[in-house]
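Working notes, structure below.
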Amino acid sequence: MKFLDEFRDAAVVRPLVEQIRETITHPWTIMEVCGGQTHTIVRYGLDELLPREVTLVHGPGCPVCVTPIEMIDLAIELSKRAGLILCSFGDMLRVPGSTYDLFDARAVGADVRVVYSPLDALDLARREPSREVVFFAVGFETTAPTTAMAVHQAARLKIPNFSVIVAHVRVPPAIEAILSSDDNRVQGFLAAGHVCTVMGIDEYRPLVEKFKVPIIVTGFEPVDLLQGVAMCVAQLEQGRAEVENQYARAVRNEGNIIARDLMAEVFALVDRRWRGLDTLPKSAMALSDRYAAYDAIRRFGLTQAPANEPIECRAGEVLRGLLKPTQCPAFGSSCTPDHPLGAPMVSAEGACAAYFCAGRLAAVSATEAK
Amino acid sequence: MLGHGSGGRLTAELVSKVFLPALSNPLLDRLNDSAEVKVGPSRVVFTTDSFVVNPLRFPGGDIGSLAVNGTVNDLAVVGGQPIGLSAAFILEEGFPIAELKAIVQSMRTAAERAGVAVIAADTKVVEHGKADGLFITTSGIGVVAGSIELGPERIQVGDAVLVSGPIGDHGIAVMSAREGLEFQTTIVSDSAPLNGLVSQMLEGGGTIRCMRDPTRGGVATVINELAKSSGVEIVIEEMAVPVRHGVRAACEILGLDPLYVACEGRLVAIVHGADADRALAAMRDHPLGSDSCRIGTVTRSGAHRVLLRTAFGTTRLLDVLAGAQLPRIC
Amino acid sequence: MCLGIPGRIIRIADEQGLRMGEIDFGGVTRKVCLAYVPEAIVGDYAIVHAGFAISTVDEKEAARTLELAREIERQLTEEDES
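Residue numbers (numbering that gives the first Met the number 0), protein chains in the order written: chain A, 0 to 369; chain B, 0 to 329; chain C, 0 to 81.
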C-alpha cells in the first residue's frame, strides 16, 4: 500500500535506530501521546530496537481510556431503550462502565451497532425514520470534525431521529496536566500526527515555551516513530526545546482550517473530568447552543450520575506516565484483558494491555532462563 | 454474562468452566475439531457446528454453503472422509421463502462439491427477532482410514507450520457486506470443502502431525490452541504469512490484524520438519492449496505459547484475543 | 487515537450537498467524505479517518522523509568504511 509500506521498510528503520544509538549519551524518558503510536510500538516491538537509554512511556492519548465512565453509563442506558439504536466505534464496546460494557448491553438485547464513520450512523437514521439513532462520539480532535459534519448534515437535511453523545477531548490540556504534575518524569513528547492534521502545530508552541520540552509531531508507522524519537533525542542531547513536524507529508503547520471552522460552529469547549485524570479546563467538546437539539443527553432527559472507578484501578497514574502498569497491584491478577478493571487494560493500545502482552512474553523467557 | 461466543479466550472459558465440567468424558476433553469412536473395526469421527453468520449472504457464499463446508472441514482435519451430514434449521417467522430456497440450493451445491449428502434434517420456526433470520446447525460423520494418526500430542520441536493459502478472506468478505462497515472489494469468502486437499496431503505429504481449520478467531487462534494442547512454543514469521492485498487493505482501514480474521476454506498443518517441502508440494498440487506456504516452526517444548517475529526481527507474543476482534478508529 | 490510512481518490461526486468521493486503498475502495479537502482532485492521495479525508498526502514531503532516513544510512556506511 502506497505511503504505508515504505514507512514500514526494515531497511529504512535500521539506520534510524543506529542514528539514535550514536547520538544518545544520556537516558531520556519520552512519552508518545497517542494510542495509535503505542499500538505501532507494541505491534512492531520498536521499544526492543531502541537503546536502553530511551524509555518510552505510553500517554493518555487513548480516547477509549479517557472517556468519562459516566458517559459510558449513559450510552449503555440509552442503548437499552426500546427501539433505540446505539451506534459506536468498535473501540468502545468492551470498555467497562460502572457495572458493565456496551457489549454486555448488546448481549441482553440492546441494539448496539458498530460503525466505521458517524456518517454511517446518520445514514442509518435516514433509513430507519421510526427509530431513534444515537451516535456515541468519542475521539480526539482527529475525530471531532467527523462528528461535526454528521451533526451539521443532520441539521441541514432536517433528520429528526439522530442525536449524539459528545465525548470528544483535546490533547494539549492532557500534555499540560502531565507536565504540570510535581512528579512528572517525561522529558520529551511525540505528539499525535493525525490530531495535528486538523489542529496544526501552533498549539504546542506555548507548551514548549512554558515547560521547555521538545515536542515532535509524528506519523504512525515505524519509520515515523523512530524518526520522531531520533529528532527528540537530538533536541534533548543538544539542550533544545522546539516543536518539530516529522509528519510533514500529512500535517501542514496551519492544520485544516475548514475542519476547525466547522468544529467551532458545532462544538463549544467545556471543562471535563477525564477518566483517570482530574478535571481539565476547556479540555472537551460539547454541542454548541445552536446544535443543542442533537444532544442525546438533553433529548432523552438523562442526568450524568457521578460514578467511580473500582478503588484498585490506578489507570490515572498509568495514563500520566507515573506508574508502570506492572507496578499496579491489580495488574495481571484482578485486572487482565479478559476482566479489566479500567480502560487501559481493554484497549488494543492501552498501556496496561500492551504491558500485559509484553510481560507474558518476558515472564516465560525469564522462567526458562532460570 | 455472555459475550463469549466469538471464538476467543472467553469462548474457551465458557467451554472449560461450564461445558466440560458438566459433560466431561475422554473424547470431549480432547477438544478436537471432531471426536473419534470405534464402531466395530471402523474409526468413525463425529462433529457438530452451528452457523450464525450475519449477513446471511456474502461475496463467495452464504450461511448454507458455510454450514456444509464448515462441518466437512472439521471432519477432514482429523483425517475423516465425510459420509453424511445432518442439518437443523431454526428460522424466524416470516423468513422469505425465496431466500430460504436459495440457501438450501447453495447447501446442495456445496455438498455435491464435497462429495457428501445431507442425510438427516430438522426445521423449527421461532418468533420474529429470535434467530437473526436463520440459524443452521450441521453435524457430520466420517470415517478415518486405519493408518492415519493425527493430533496435537504428536507435535515435536522442529516441526514446520504450514498454511494452505492466503488468510482472512472470509472474515473480510463478510464484513464488506455488513451494514455500517460496507466497503467494495473483490475479496470473496474462501469457504470450501477441504477433504480432497487433506486426502492428497495424507497420501503423499510425508509425516503430518495434525491439522486444524482456522475459523472464528483466525489463524492466530488455532495455532494457539495447538501450542497449548501440545505444550510447545511456535514461532510465526510475520513476513511469511500470506495475505491478499484486498484483505490487507481492509484490515488497515478497519484496524484489524489479519491473523485474527476468519477463514473458512484454509487449513493449518503441522508437519515433520524434514517433510515440509514434500507436504507443500502435495498441497500445491491441489486447487485449494495452490498458494500453500510455510509460516513458522515449532521451536521448543514446555512453553505453551505462540510468538510472532516481525519484519524488524523483534518478537512479540501472539496471544488469543478475549473475544471477537472489533474495528477501531484508534 | 486516530487510525488514518492513505488512499487514492478515484472519483468525486456531490451527495446531498456533501462533497463525497471514492477512495482506493489498494484492493479495497470505499465511499469517503471529501468536504475537508476541497482542493483535492482525482489522483491525489488523502489520509482517511472514520470515513473522512482529513488531509491530502504531500508526495514530495513523503519522499523527503524517506530520503532523510536513507541519507543517514549513507552517512553511517561512510563512517563504517572510514
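Ideal Cβ positions, reconstructed from N, Cα and C, are used throughout, including at glycine. Here the structure is a predicted model, which means the values were calculated and not measured.
Next on the checklist: Going by DSSP in three states, Gln104(B) sits in which element: helix, strand or coil?
Outcome noted: As a working mapping, residue 104(B) is identified with position 105 in the second sequence. Residue state, collapsed to three classes: helix.
Checklist entry - Does the beta carbon of Met30(A) come closer than 9 Å to any beta carbon on chain B? => result As a first step, residue 30(A) is located in the first sequence; it is residue number 31 there, counting from the start. No - not a single Cβ of chain B is within 9 Å of the one on Met30(A).
Next on the checklist: In the DSSP assignment, the alpha helix (DSSP H) including Arg173(B) goes from what residue to what residue?
Outcome noted: Taking the first residue of the second sequence as position 1, residue 173(B) is located at position 174. Checking the displayed sequence, the identity of residue 173(B) turns out to be Val instead of Arg. Asp168 to Ser175 is the span of the alpha helix (DSSP H), which, as asked, contains Val173(B).
Item to check | Pair within 9 Å by beta-carbon distance, Ile102(B) and Asp61(B) | outcome: Start at 1 with the first residue of the second sequence, and residue 102(B) comes out as number 103. Start at 1 with the first residue of the second sequence, and residue 61(B) comes out as number 62. In this structure, Asp61(B) lies closer than 9 Å to Ile102(B) by Cβ.
Item to check | chain C contact for Glu178(B) (CB, 9 Å cutoff) | outcome: To locate residue 178(B), count along the second sequence from 1; it is residue 179. Taking Cβ atoms only, chain C never reaches closer than 9 Å to Glu178(B), which makes this a no.
Next on the checklist: Could you check whether Thr296(B) and Gly44(A) sit closer than 9 Å to each other, using their CB atoms as the reference points?
Outcome noted: For the purposes of this step, residue 44(A) is taken as the residue at position 45 of the first sequence. For the purposes of this step, residue 296(B) is taken as the residue at position 297 of the second sequence. Result no, Cβ atoms of Gly44(A) and Thr296(B) do not sit closer than 9 Å.
Checklist entry - Alpha carbon to alpha carbon, how far is Met30(A) from Leu340(A)? => result Counted from its first residue, the first sequence places residue 30(A) at position 31. Counted from its first residue, the first sequence places residue 340(A) at position 341. Cα to Cα, the separation comes out at about 24 Å.
Checklist entry - How should Arg204(A) be labelled, buried or exposed, when 16 other C-beta atoms within 10 angstroms of its C-beta is the threshold for buried? => result As a working note, residue 204(A) is residue 205 in the first sequence. Result: exposed.
Item to check | Assumed close pair Thr136(B), Ser23(B) - CB separation to whole angstroms, cut-off 8 Å | outcome: Here the question's residue 136(B) lines up with position 137 in the second sequence. Here the question's residue 23(B) lines up with position 24 in the second sequence. Their Cβ separation, rounded to whole angstroms, is 22 Å, which puts Thr136(B) and Ser23(B) out of contact at 8 Å.
Checklist entry - Would DSSP call Thr10(B) helix, strand or coil? => result The sequence position of residue 10(B) within the second sequence is 11, counting from 1. Residue state, collapsed to three classes: helix.
Next on the checklist: With a threshold of 9 Å between beta carbons, is Ala368(A) in contact with chain B?
Outcome noted: If you number the first sequence from 1, residue 368(A) lands on position 369. Here the model assigns Ala368(A) a pLDDT of 49, short of 50, so the residue's position is not dependable and the matter cannot be decided.
Next on the checklist: Measuring only the C-alpha atoms, how far is Gly4(B) from Gly179(B)?
Outcome noted: Start at 1 with the first residue of the second sequence, and residue 4(B) comes out as number 5. Start at 1 with the first residue of the second sequence, and residue 179(B) comes out as number 180. The predicted model places Gly4(B) with a pLDDT of 48, which falls under 50 and marks its position as unreliable; any figure quoted below should be read in that light. Between Gly4(B) and Gly179(B), the C-alpha separation is close to 21 Å.
Checklist entry - Do three or more CB pairs link the segment 72 to 87 of chain B to the segment 158 to 166 of chain B at distances below 8 Å? => result no
Next on the checklist: So Ile4(C) contacts chain B; which residues on that side make the cut at Cβ distance below 7 Å?
Outcome noted: For this step, residue 4(C) is matched to residue 5 along the third sequence. Here the neighbours are Glu251 and Ile252.
Checklist entry - Given that Phe88(A) touches chain B, what residues does it touch there, using C-beta distances under 9 Å? => result For the purposes of this step, residue 88(A) is taken as the residue at position 89 of the first sequence. Within 9 Å Cβ-Cβ: Leu325, Pro326, Arg327, Ile328 and Cys329.
Item to check | Contacts of Ala261(B) in chain C (Cβ-Cβ under 9 Å) | outcome: Looking up residue 261(B) in the second sequence gives position 262. Near Ala261(B) there are no residues of chain C at all, since even the closest Cβ is about 17 Å away, more than 9 Å.
Checklist entry - Nearest CA to the CA of Ile269(B): which residue from Asp131(B), Leu201(B), Thr122(B) and Ile154(B)? => result Locating residue 269(B) in the second sequence gives position 270, counting from the first residue. Among Asp131(B), Leu201(B), Thr122(B) and Ile154(B), the Cα nearest to that of Ile269(B) is on Ile154(B).
Checklist entry - At least one CB of chain C closer than 9 Å to the CB of Ile135(B): is that the case? => result Taking the first residue of the second sequence as 1, we reach residue 135(B) at position 136. Chain C contact via Cβ: absent.
Checklist entry - Just reading off the alpha helix (DSSP H) that Phe161(A) is part of, what are its end residues? => result As a working note, residue 161(A) is residue 162 in the first sequence. Segment Phe161 to His167 is the beta strand (DSSP E) holding Phe161(A); no alpha helix (DSSP H) there.
Item to check | From Ile19(A), Glu47(A) and His57(A), residue whose alpha carbon lies closest to that of Gln36(A) | outcome: For the purposes of this step, residue 36(A) is identified with residue 37 of the first sequence, where counting begins at 1. Residue His57(A) is the option with its Cα nearest to Gln36(A).
Checklist entry - Given Val125(B), which residues of its chain have a CB within under 8 Å of its CB, disregarding the five upstream and five downstream residues? => result In the second sequence, the residue the question calls residue 125(B) occupies position 126. Excluding sequence neighbours, Val125(B) sits near Ile89, Leu90, Glu91 and Glu92.
Next on the checklist: Please give the ranges of any beta strand (DSSP E) in the segment 13 to 99 of chain B, keeping only runs that are unbroken, at least 3 residues long and fully inside the region.
Outcome noted: 34 to 38, 41 to 50 and 79 to 91
Checklist entry - Buried or exposed: which applies to Leu253(B), given that a residue is buried once 16 or more other Cβ atoms fall within 10 Å of its Cβ? => result Position 254 of the second sequence holds residue 253(B). It is buried - the Cβ of Leu253(B) has at least 16 other Cβ atoms within 10 Å.
Checklist entry - So the alpha helix (DSSP H) Ala81(A) belongs to, where does it begin and stop? => result The residue you call residue 81(A) lines up with position 82 of the first sequence. That residue, Ala81(A), is in no alpha helix (DSSP H); it is neither H nor E in DSSP.
Item to check | Span separating the alpha-carbon of Ala21(B) from that of Leu279(B) | outcome: The sequence position of residue 21(B) within the second sequence is 22, counting from 1. The sequence position of residue 279(B) within the second sequence is 280, counting from 1. About 41 Å.
Item to check | Buried/exposed call for Leu325(B), threshold 16 Cβ in 10 Å | outcome: Start at 1 with the first residue of the second sequence, and residue 325(B) comes out as number 326. Leu325(B) comes out buried.
Item to check | Neighbourhood of Ala295(A) by C-beta, 7 Å cutoff - its chain only, sequence neighbours within 5 removed | outcome: By 1-based counting over the first sequence, the position of residue 295(A) is 296. Contacts found: Leu77, Val133, Ser162, Val163 and Ile164.
Checklist entry - Are three or more beta carbon pairs between the segment 18 to 25 of chain A and the segment 300 to 312 of chain A nearer than 8 Å? => result no
Item to check | Min CB distance Ala329(A) to chain B below 9 Å | outcome: Along the first sequence, read from residue 1 onward, the residue named residue 329(A) stands at position 330. No - not a single Cβ of chain B is within 9 Å of the one on Ala329(A).
Item to check | Residues near Ala87(B) in its chain [Cβ-Cβ closer than 6 Å; skip 5 each side] | outcome: The sequence position of residue 87(B) within the second sequence is 88, counting from 1. For Ala87(B), where only same-chain residues beyond five positions count, the Cβ hits under 6 Å are Asp121 and Thr136.
Next on the checklist: My assumption, with CB atoms under 8 Å, is that Pro172(A) sits in contact with Leu279(A). Please give the rounded CB distance.
Outcome noted: By 1-based counting over the first sequence, the position of residue 172(A) is 173. By 1-based counting over the first sequence, the position of residue 279(A) is 280. With 8 Å as the limit, Pro172(A) and Leu279(A) qualify as a contact, their Cβ atoms being about 4 Å apart.
Checklist entry - What does a CB cutoff of less than 7 Å around Gly254(A) pick up in its chain, not counting 5 residues either side in sequence? => result Residue numbering aside, residue 254(A) sits at position 255 when the first sequence is read from its first letter. Excluding positions up to five away in sequence, the list reads Cys195, Thr196, Val197, Met198 and Gly199.
Next on the checklist: For Ala310(B), report the span of its alpha helix (DSSP H) as first-last.
Outcome noted: Position 311 of the second sequence holds residue 310(B). Where Ala310(B) is concerned, there is no enclosing alpha helix (DSSP H), given that its DSSP letter is neither H nor E.
Item to check | Gln183(B) - partner residues in DSSP beta bridges | outcome: Here the question's residue 183(B) lines up with position 184 in the second sequence. Answer is Thr28(C), bridged to Gln183(B).
Checklist entry - Residues of chain E with CB under 8 Å from Leu3(A), in chain order? => result Protein chains A, B and C are contained in the structure displayed, whereas chain E is not.
Item to check | Listed by chain order, chain B residues near Ala49(C) by CB distance under 9 Å | outcome: Mapped onto the third sequence, residue 49(C) falls at position 50. Neighbours of Ala49(C) on chain B, chain order: Ile328.
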